[in-house]
């Protein structure tokens, strides 16, 4: 039987097309693993920061204290950013309701749009990179299969030219060509698993964010009895109709 078979021998025999396939698979693997690692670390940090902020947020006595806290520190998580957006939007709507097109429709409508836009921006941010991971998971097996077909084609041509079609002559080149399929699966399987995990995490994360937005909307529109802020800010907490609160609940269900 022939000796020296294996991956190294396969690399020595492949042509430009095979090398291109290998480089493409390697690029997809490096890119997907980079995104998997960085997004996993970022999600873990975001979760810890969000839990710390929510625990701190619900310990405040009033929205005034929350507003002061948010002004003194830069928001480092999506929940803090959403709280700042909501409080600032309500204040801006009351002050400029008759002068700005964005604030038209009243405080409740403007606040609803602002919170929804904040959630949409967070959804776009957390989905960054998922397209590449999904592409690697779906395309890598077919890229590897193409490399296998190309390698087997050339192996069969060489066997035909040599005139030796015995099993020991066929098994080596064909087996080496199948390495491409194995490489494609090695790239695709981690990418698919990671994509499913990230999608599930993002779905839960956005659900929590929407629930917090609903609570924030209620706090701002219905009112905070312990709030004693400046005259221009106290109007943020005027009672709102129950219908306005129900509208946000409907928006959460979309």
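In our numbering, the protein residues as written are 4 to 257.
In this text, a Cβ means the ideal position worked out from N, Cα and C, and glycines have one as well.
Nothing here was measured: the structure is a model prediction, and the numbers come from that model.
Cβ-Cβ separation between residue 73 and residue 81: approximately 13 Å, too far for a contact (criterion under 8 Å).
Here the segment 117-125 does not lie against the segment 147-156, with fewer than 3 beta-carbon pairs under 8 Å apart.
Here the C-alpha atom of residue 71 lies approximately 44 Å from the C-alpha atom of residue 33.
Contact check for residue 180 against residue 158 passes: the beta carbons are separated by less than 8 Å. In chain order, 113, 114 and 117 place their CB closer than 7 Å to the CB of residue 92, counting only its own chain and leaving out the 5 sequence neighbours on each side. In the displayed model, residue 76 falls within coil according to three-state DSSP, outside both helix and strand. With a contact defined as Cβ atoms closer than 8 Å, residue 224 and residue 111 qualify at about 6 Å.
Linking residue 209 to residue 126 through their CA atoms gives a straight-line distance of about 7 Å. Burial is judged here by how many other beta carbons sit within 10 angstroms of a residue's own beta carbon; residue 182 has at least 16 and is buried.
For the 8 Å CB-CB criterion, residue 203 and residue 46 do not form a contact. Nearest neighbour of residue 212 by Cα position, chosen from 65, 129 and 76, turns out to be 129. Taken atom to atom, the span from the alpha-carbon of residue 21 to that of residue 27 is near 10 Å. Relative to the Cα of residue 90, the nearest Cα in the group 187, 39, 43 and 67 belongs to 67. For residue 125, the enclosing alpha helix (DSSP H) starts and ends at 110-129.
Contact check for residue 44 against residue 197 fails: the beta carbons are separated by 8 Å or more.
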